[in-house]
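Here is the structure we will look at.
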Amino acid sequence: MGVSVKCSVEHVLYNSAIEYVLQAGQLIRSHLGNKGKIEQKKNAFDLVTEVDRRSEDLLRRKIHKDYPSHWILSEENCGQANAYEMFKNHDSDYGWIIDPIDGTTNFIHGIPYFAISIGVVKDGEPVIGVVFNPVTDELYTARKTFGAYLNGRPIRVGKESTLAEAVIATGFQASDFRSGSRVVQQIDQLAGRSRNIRLFGSASLDLCLLASGRITGFWHDGLNPWDTAAGILILTEAGGKATDKDGNPYRLSHDSLIASNGRIHGELIETIKL
Ligand code: IPD
Ligand code: CA
Ligand code: CA
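Written as structure tokens, this is what we have:
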């Protein structure tokens, strides 16, 4: 009885999350030719546009109206330092973790690789993940224990078993986009060992590419819960693995993320270890 009640609640939340990302996607699409004001946040590599804020307002309004008792953690509404505290100290079981545009730099430059990401968490663990690229119309979805889907079709991670057959993605946290930074050293260590390396610029979509078998691994330091809450569930529901740099199961509070199809995980961790 308890289980079926819980499933049906989460099924309703899942459908709502899909409805919300599609609506935010429509809003973002209508602003592709007019991005409004662009502002710097922490530094020149960390940007936000008026469209990020509008997408976030739309999502917050919808969630608040439909689920007034649920807590919401969204990128442009709270500082990084207190992000984890916010979702540890909540007074409702369910919380919504939102990135209104993941891949803002791509959005600004007209590169069609950005997404709206919504993760619904229960007791700190993702139970629903929805990531939508409004340009390519790719909608990735997952519910805990119910599998992962791309536009309604089931997805699985790839079967590559060695790093030599694997394309691996990574990205820069704003503070790490400089010569000699940790990620630059890691890229140097991986160079020539994997099939290739990619830096696409949207962590949530990178996790979805991995979940759908198009890349085999991904690592990134300094991501925030809004970058990973949805993508991690989509990945694990597609058969993938997510840990921190030491191989411990990944938590939204962790600073390092290593994600893979599972088969190359150990090799990837060892290769990029500094
Ligand atoms: C960024 C993207 C990017 C990652 C950055 C994130 P944003 O998110 O996910 O791929 O490398 O570290 O900050 O700022 O575009 O929402
Ligand atoms: Ca982001
Ligand atoms: Ca963002």
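Under numbering that gives the first Met the number 0, the residues of the sequence shown are numbered 0 to 273, in order.
The beta-carbon is built from N, C-alpha and C at its ideal position, and this holds for glycine as well.
Might you give, ordered along the chain, the residues of its own chain that have their beta carbon closer than 6 Å to the beta carbon of A141, omitting 5 neighbours on each side?
G128, A147, L232, I233 and E236
My assumption, with CB atoms under 8 Å, is that I268 sits in contact with K244. Please give the rounded CB distance.
7 Å
Relative to the alpha-carbon of Y112, which residue among R197, I257, L251 and Y19 has its alpha-carbon at the smallest distance?
The candidate whose alpha carbon is nearest that of Y112 is R197.
May I have the straight-line CA-CA distance separating E226 from V8, to the nearest angstrom?
Checking the sequence shown, residue 226 turns out to be Asp, not Glu. Roughly 24 Å separates the two Cα atoms.
For D98, is the beta carbon positioned less than 7 Å from some heavy atom of ligand 3?
yes
With DSSP as the reference, identify every bridge partner of N132, one or two as the case may be.
E137
Can you tell me whether T144 is helix, strand or coil according to DSSP?
coil
Under 8 Å between the Cβ atoms of I100 and F106?
yes
Count the other CB atoms within 10 Å of the CB of G109; is the residue buried (16 or more) or exposed (fewer)?
exposed
Buried or exposed, going by whether 16 or more other CB atoms sit within 10 Å of the CB of V126?
buried
Return helix, strand or coil for A210, following the three-state DSSP convention.
helix
Helix or strand or just coil, what does DSSP make of P224?
helix
Answer yes or no: the CB of A202 versus the heavy atoms of ligand 2, is any distance below 7 Å?
yes
State buried or exposed for S203, treating a residue as buried only when at least 16 other CB atoms are found within 10 Å of its CB.
So S203 ends up on the buried side.
Among all the DSSP beta bridges, which residues are the ones paired with N195?
V166
Just how far apart, CA to CA, sit I115 and E164?
30 Å
Among I17, L189, R155 and N223, nearest to I62 - alpha-carbon criterion:
I17
For G261, collect the residues of the same chain with a Cβ closer than 8 Å to its Cβ; drop the 5 residues on either side in sequence, then sort them by chain order.
Once the five neighbours on either side are set aside, the close Cβ partners of G261 are V156, G238, G239 and K240.
Is any non-hydrogen atom of ligand 3 found closer than 7 Å to the C-beta of E74, if you look at the structure I gave you?
Yes, ligand 3 has a heavy atom inside 7 Å of this Cβ.
Please go through the same chain and pick out, in chain order, the residues whose beta-carbon is closer than 7 Å to the beta-carbon of S15, but skip the five residues on each side of it.
D65
So E49 is in the alpha helix (DSSP H); what residue range does that whole segment cover?
Run containing E49: E49 to D65, per the alpha helix (DSSP H) assignment.
On the CB-based measure, 16 or more other CB atoms within 10 Å of its CB, does S174 come out buried or exposed?
exposed
Straight-line gap, L26 to K36 (C-alpha atoms, nearest Å)
16 Å
State the CB to CB distance for the pair S73 and E55, rounded to an integer number of angstroms; the pair is presumed to be in contact (CB under 8 Å).
5 Å
A258: buried (16+ other C-beta within 10 angstroms of its C-beta) or exposed?
buried
Would you say I117 and V50 are within 8 Å of each other, going by their C-beta atoms?
no
Ordered along the chain, which non-local residues of its own chain (more than five positions away) have a Cβ less than 7 Å from that of L189?
I167, I196, T270 and I271
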